Amino acid sequence: LRTYPLRIIIAGAPASGKGTQCKKIAERYGVVHLSTGDMLREAIQNGTELGKTAKQYMDSGRLVPDDLVIDMLKRRLKEEDCTKRGWLLDGFPRTASQAQALLEAKIDPDLVLVLDVPENELIQRVVGRRLDPITGRIYHLQYSPPEDEQVACRLIQRTDDTEEKAKIRLEAFRTHIRAIEEQFSQVVHINGNRLAEHVFWDIVCEIDQVLGTFHEADTNLQPFG
Ligand code: AP5
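According to UniProt numbering, the sequence shown holds residues 81 to 305 in order.
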């Protein structure tokens, strides 16, 4: 059905389930999943100049300066996999300036999804989250525990996944989300406080509606001659 690559933004507070949903969306629709958090953590791991600067901000739960993140993301979006397969932005834009930078570069999303989850639930999710460094899979000690002892033994916790830092991250989200939403016309809120599978099916409905619009536009095309 698709007539041009799908472009989606997914926003939400820390631990609202963006990463969990993005894995499923990328698998189903073939879009490139771009998490600015993951890209920055990779830069830290590789010891780049960007990584060194970003680390100071991320370890304390603060946002990395706009210019650094905008530059990193704009360069990545120009790569062939993104232009051909479309993209799914996870954790970007996080400020009005980041949203404006996208629009100024004529990078306009088809859909902006915002996951809504109450604050007390977010904190539970943050402190229980664990990551598998080998597969990249996201677990939760209570809600989505590892399948066996071997996986359980290798799980790691992010340095910013403490209650104290989660509160700082949450405050950054609250400060900026309204101004970000105002930049886009195609914003849809999804109740993220349900089983991940249920959240996903609501997302699928929204994306399929967008794909249906592409299809309609396509069938409205008049043949030549
Ligand atoms: P980033 O990595 O983007 O973190 P975040 O936005 O705080 O989001 P999280 O990764 O914490 O959560 P998530 O929504 O992906 O939830 P997940 O699916 O893992 O950013 C980290 C830092 O990088 C920022 O603080 C900042 O410093 C910097 N940064 C990144 N982008 C930036 C930008 N654009 N500008 C400036 N700075 C930037 O789920 C969480 C847990 O809940 C998991 O354990 C999961 O198993 C569980 N879970 C998920 N869904 C459900 C469900 N439905 N029910 C029960 N449990 C669930």
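Note that the Cβ used here is the ideal one computed from N, Cα and C, for glycine as well.
Owing to the predicted nature of the structure, the values given are computational and were not obtained by experimental measurement.
Leu143 has its Cβ nearer than 7 Å to a heavy atom of the ligand AP5.
Here the alpha carbons of Gln222 and Ile236 stand approximately 15 Å from one another.
Check the Cα spacing between Ala91 and each of Leu291, Arg274, Phe253 and Gln289: the tightest is with Phe253. Going by beta carbons, Asp170 and Ile270 fall outside the 8 Å limit. For Ala91, the enclosing beta strand (DSSP E) stretches over residues Arg87 to Gly92. If you ignore the 5 residues before and after Ala93, its C-beta comes within less than 6 Å of the C-beta of Leu202, Leu250 and Phe253, all in its own chain and listed in chain order. In the three-state DSSP reduction, Ile214 falls in the coil class, being neither helix nor strand. When DSSP states are grouped into helix, strand and coil, Tyr219 belongs to the strand group. The beta carbons of Glu286 and Leu193 sit about 7 Å from each other, so the pair counts as a contact at 8 Å.
In the three-state reduction of the DSSP assignment, Ile150 falls in the helix class, which pools H, G and I.
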